[in-house]
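Only one structure is covered here, and it is reproduced in the block below.
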Amino acid sequence: MKDRRVVTTPEADEDARHIHRWWIQRRRAAPNLFLEELADALALLGMEPGVGVRFAHRAIPGLRRYLLRSTRYHLYFVHSDELV
39 MKDRRVVTTP EADEDARHIH RWWIQRRRAA PNLFLEELAD ALALLGMEPG VGVRFAHRAI
99 PGLRRYLLRS TRYHLYFVHS DELV
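To convert a position in the sequence shown, counted from 1, into the numbering used here, add 38.
Okay, here's the thing in structure tokens:
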């Protein structure tokens with residue numbers, strides 16, 4: 039199985055920046071935990087896009103949700119043969 043390219047939306051990128059800023063200000067013991075966990079999750083999604091659970095959404099067929107366990111955030115994504 040080949041790795042898929044992971045593409046994020048501008049909205050998701052802005053959300054990640056906002057969460058990271060919050061995390062740095064309030065989680066001084068592990069200020070980079072969110073970014074590290076996000077990077078690991080995106081790498082995993084590129085290799086194994088079937089991870090996570092199906093998440094029902096009328097407007098977005100095939101939507102999946104993946105839990106970032108340490109930070110308790112969710113990633114929502116869809117995938118094809120080429121992209122996540």
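The C-beta atom is built at its ideal place from N, Cα and C for all residues, glycine as well.
On a predicted model such as this, the values are computed, not experimentally measured, just so you know.
query, result
"C-alpha gap between Y111 and E74, whole angstroms", "13 Å"
"Where the alpha helix (DSSP H) through R15 begins and ends", "No statement about residue 15 is possible, as the shown extent of the chain runs from 39 to 122 and does not include it."
"beta-carbon G90 near the ligand SAM non-hydrogen atom, thresh 6 Å", "Among the components modelled here there is no ligand, and therefore nothing to report on the ligand SAM."
"Whole-Å CB distance - R42 paired with G84, under 8 Å assumed", "5 Å"
"Presumed contact (8 Å Cβ cut-off) between W61 and L76, rounded CB distance", "Not a contact, Cβ separation roughly 10 Å."
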